[in-house]
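S.K.: Before anything else, here's the structure in question.
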Amino acid sequence: MINIHNLSVSFQGDYLFEKITFQLKPGDRVGLVGKNGAGKSTLLKIIAGEQEYDTGQIAMDKEVSIGFLKQDIDFEKGRTVLEESYEAFTEIKKLEKKLEHINTQLAERTDYESDLYHQLMVDLNDVQHQYEIHGGYNYQGETERILQGLGFQREDFTKLTETFSGGWRMRIELAKLLLQNNDILLLDEPTNHLDIESILWLEEFLKGYVGAVVIVSHDKMFLDNVTNRTIEISLGKIYDFNKPYTQYLVLRNELREQQLASQKNQQKQIEQTEKLIDKFRAKASKATMAQSLIKKLDKIDRIEVDEDDNSVMTLRFPVSVTPGKVVIEAEKISKSYGSNNVLKDVDLLVDREAKIAFVGQNGQGKSTLAKIIVGEIEHRGKLTLGHNVQIGYFAQNQADYLDGTKTVLDTMIDAANEKNRSRVRDILGSFLFRGDEVEKYVRVLSGGERNRLALAKLLLQPFNVLVMDEPTNHLDIKSKNVLKDALKSFEGTLLLVSHDRDFLQGLTNKVYEFKDRHIKEYLGDIDYFLEQRNLENLREAEKRTVVPYEGKQKRTAGEEYEIQKKLKSAKNKLSNVEASISSLEKEIAKIDTELLINYEETIAKPHFFDKYQEKKKKLKKLMEDWEMLQETLDTLS
């Protein structure tokens, strides 16, 4: 479908990636991963034909169509959601104009017996046939289905696109791409602005997609559920494995361990050869042998170990001053957007040093309450901030507020004051903006780099209460871990809106669930909340009510309790079996590597083959146990 060979791209003299080669075939669902700024979005733009490259070749089959969802999009004002979505059907729209023109002429003409009138009838028949072939009689219904799958309500269809936030407009653009039936889909952070239900719908859609899909995402769960291949860009090279992200990480680590073992063994051989060369050089009778060994040494293909890019930002949130015991007190807070009542009579009391998570489906008021707390929007009810409270706020679209015409350094200097202006370069350095990188214009930064800059800018203001709305959007997985560690160490008060269970785990000590215009308090972390809700994961908490399967009888409370007990036991057993399988597979892989490197020495070990076969038999038995436990879980679920 598409072949990429020896592709190289440089930026200001440094290579983003150099001589990378891979293919895309129908059915490939590729997770394109790597650090912020590694070149993921650049690679998508090159494949889409929107950016030049330095050297290399890109060859693709004729008439291959490519759909590209970018991080930044522009809409033409004045179109409704439906009208903008219909722009996906360029050929159908052309045919509609032809039909309209022909029908207008037929209505106006009265020379029914003329050759011109007859030709119009022939043309009408031909265009109608083409219209039917291109799906002209079905596209409107398909458009509504896709829009509803992505979270739009029917009443939204006739609203103008400019009345929606950037996240919702991104959904419209995604809908257009999904409607076009392209051969290749390039999706740059498609889940950033989707709620959980829409993510689940998109997962199912992409699983059944017959073309090739390349997805840039830092959502591990989404990548694991959708992709069947991972390509990582790291230090200018790519690593390509036919596995989803989590399985890829295991293989990548095993490969590196094998390389290290092989390199170590080779180095021993080289050192032994060098000693022999030094020994033979001293004797005239052995000079020829020394030269022979030198030639042999020169011909050795040195084993290299893949480098890891472990550079991460350093982040610490200092507390400005100590506030009073109660930092936020909200009474009877209500908020409506027109006829849409989002919050009604909400009470909230936040103590100093509390760590709180806001969870729930999109549209239930999480971001609205966050904006009310920071004083960004008007509301009904009473909100009181405690003594000495200073709020730092990171909005969901915080990076959008950055001025693209400014450099990274100017952005920070303009936001600084006299006290911290001298620390600007140090702060930027801790966020991986070093050397000439501070002179980059904001408009050329990747989404993750902009988020890092927005976080750096946040540190220029004093705060003791931190309100963060989806701060992990666009951040790579390593940066997300750094942010999580910084928030764990933060000695102030934290209010965090997030859908990311991995990120929330161990980070908060109180959870507020937003549902039906009200909030419900859970005194524990996210795992406690899920346990209380009897849910396996955060995604289940954010789904809308699901109609139960009618053919399945409803269980009594006692039966349900017993089922849940069995489920928990089976899951624990499955977890133990999986851990044993992983450990045993690593042991066998290590032995296989030893066999490759030094066969004779390895098989000479006492009872080697008996022990080796025993491990393989044990692994086979564990795999059988795993299958049985999976069947048990499927039966009980």
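With the working numbering applied, the sequence shown corresponds to residues 1039 to 1675, in that order. Where is the CB? At the ideal position from N, CA and C, for every residue including glycine.
Does Lys1382 come out as helix, strand or coil in the three-state DSSP assignment?
M.R.: Strand, per DSSP.
S.K.: Pop quiz: Thr1531 and Asn1502 are said to be a contact at Cβ under 8 Å. What is the actual Cβ separation, rounded to whole angstroms?
M.R.: Confirmed, Cβ separation roughly 7 Å.
S.K.: Do you know how far the Cα of Glu1182 is from the Cα of Lys1553?
M.R.: Each residue's Cα considered, the two are about 26 Å apart.
S.K.: Taking the continuous beta strand (DSSP E) assigned at His1156, which residues delimit it?
M.R.: From DSSP, His1156 is part of no beta strand (DSSP E) but of the alpha helix (DSSP H) over 1153–1171.
S.K.: Quick check on Tyr1053: does DSSP put it in helix, strand or coil?
M.R.: DSSP places Tyr1053 in strand when its eight states are reduced to three.
S.K.: How far does the alpha helix (DSSP H) with Leu1293 in it extend, from its first residue to its last?
M.R.: Here the alpha helix (DSSP H) through Leu1293 covers 1283–1319.
S.K.: What is the residue span of the alpha helix (DSSP H) that Phe1195 lies within?
M.R.: Taken as a continuous stretch (DSSP letters only), Phe1195 belongs to no alpha helix (DSSP H), as it is neither H nor E.
S.K.: Which one of Glu1090, Val1365, Gln1178, Glu1121 has the shortest CA to CA distance from Thr1196?
M.R.: Nearest of Glu1090, Val1365, Gln1178, Glu1121 to Thr1196, Cα basis: Glu1121.
S.K.: If you follow the alpha helix (DSSP H) that Phe1260 is part of, which residue opens it and which one closes it?
M.R.: Where Phe1260 is concerned, the enclosing alpha helix (DSSP H) stretches over 1258–1264.
S.K.: Just to confirm, is the Cβ distance from Val1068 to Arg1267 under 9 Å?
M.R.: The answer is yes: Cβ separation under 9 Å.
S.K.: The beta strand (DSSP E) spanning Thr1422 covers which residue range?
M.R.: 1418–1423 is the extent of the beta strand (DSSP E) around Thr1422.
S.K.: Does the pairing of the segment 1388–1396 with the segment 1528–1544 give three or more beta-carbon distances under 8 Å?
M.R.: With a cut-off of 8 Å, the segment 1528–1544 and the segment 1388–1396 count as touching, because enough Cβ pairs lie within range.
S.K.: Cutting at 7 Å between CB atoms, please list the residues of its own chain near Thr1352, excluding the five before and the five after it.
M.R.: If we look at Thr1352 and ignore the five residues flanking it on each side, its Cβ neighbours are Ser1468.
S.K.: For the beta strand (DSSP E) holding Ile1557, just list the boundary residues, first then last.
M.R.: First-last of the beta strand (DSSP E) with Ile1557: 1556–1560.
S.K.: According to the neighbour-count rule (16 or more other Cβ atoms, all chains shown, within 10 Å of its Cβ), is Gly1179 buried or exposed?
M.R.: The residue in question, Gly1179, is exposed, as its Cβ has fewer than 16 Cβ neighbours within 10 Å.
S.K.: Could you compute how far the alpha carbon of Lys1131 sits from the alpha carbon of Phe1190?
M.R.: Whole-angstrom Cα-Cα distance: 23 Å.
S.K.: Identify, in the order they occur along the chain, each residue of the same chain with its Cβ nearer than 6 Å to the Cβ of Val1252, setting aside the five sequence neighbours on each side.
M.R.: The answer, listed in chain order, is Val1068, Leu1070, Leu1224.
S.K.: Rank Arg1418, Asp1464, Val1380, Ile1338 by C-alpha distance to the C-alpha of His1556 and give the top, closest one.
M.R.: If we check each option's Cα against that of His1556, Val1380 comes out closest.
S.K.: Just mark Ile1415 as buried or exposed, buried being the case when its beta carbon has 16 or more other beta carbons within 10 Å.
M.R.: Result: exposed.
S.K.: Which two residues bound the contiguous beta strand (DSSP E) that contains Ser1272?
M.R.: It spans 1267–1272 - the beta strand (DSSP E) in which Ser1272 sits, taken as one unbroken run.
S.K.: Tell me which same chain residues have a C-beta within less than 8 Å of the C-beta of Lys1653, skipping the five on either side of it?
M.R.: Same-chain partners within the cutoff: Leu1622, Glu1625, Ile1626, Ile1629.
S.K.: Quickly, what does DSSP pair Arg1067 with across the bridge? List them, please.
M.R.: Partner(s): Val1251.
S.K.: Give the DSSP-derived three-state secondary structure of Lys1108 in the structure shown.
M.R.: DSSP places Lys1108 in coil when its eight states are reduced to three.
S.K.: How many angstroms separate the CA atom of Glu1211 from the CA atom of Gly1430?
M.R.: Each residue's alpha carbon lies about 32 Å from the other.
S.K.: In the DSSP assignment, the beta strand (DSSP E) including Met1039 goes from what residue to what residue?
M.R.: Per DSSP, Met1039 belongs to no beta strand (DSSP E) and is neither H nor E.
S.K.: When the distance is taken between beta carbons, is Phe1127 closer than 9 Å to Gln1218?
M.R.: Their beta carbons are under 9 Å apart, which means Gln1218 touches Phe1127 by this criterion.
S.K.: List the DSSP bridge partners of Thr1093.
M.R.: Answer is Ser1046, bridged to Thr1093.
S.K.: Tell me which same chain residues have a C-beta within less than 6 Å of the C-beta of Val1427, skipping the five on either side of it?
M.R.: Answer for Val1427: Pro1361, Val1365, Val1503, listed in chain order.
S.K.: Secondary structure at Met1661, three-state DSSP: helix, strand or coil?
M.R.: DSSP places Met1661 in helix when its eight states are reduced to three.
S.K.: For a cutoff of 9 Å on Cβ pairs, would you count Phe1469 as touching chain B?
M.R.: Absence of chain B from the displayed structure is noted, only one protein chain being present.
S.K.: Do you know offhand how far Ser1618's Cα is from Asn1511's?
M.R.: Each residue's alpha carbon lies about 35 Å from the other.
S.K.: Using C-beta distances below 6 Å, list every residue in its chain close to Leu1137, excluding the 5 sequence neighbours before and after it, in chain order.
M.R.: Taken in chain order, the residues that qualify are Val1165.
S.K.: Starting from the Cα of Ile1104, find the closest Cα among Ile1085, Thr1443, Asn1489 and give me that residue.
M.R.: Of the listed residues, the one whose Cα sits closest to Ile1104 is Ile1085.
S.K.: Any contact of the segment 1435–1449 with the segment 1471–1488, i.e. 3+ C-beta pairs under 8 Å?
M.R.: Yes: the two stretches touch, three or more of their Cβ pairs being nearer than 8 Å.
S.K.: Please list, in chain order, all residues of the same chain as Gln1061 whose beta carbon is under 8 Å from its beta carbon, the five residues on each side excluded.
M.R.: Within the same chain, Gln1061 has close Cβ partners Met1039, Ile1040, Asn1041, Ile1042.
S.K.: Does any heavy atom of the ligand ADP sit closer than 8 Å to the C-beta of Thr1311?
M.R.: As for the ligand ADP, it is missing from this structure, which has no ligand bound.
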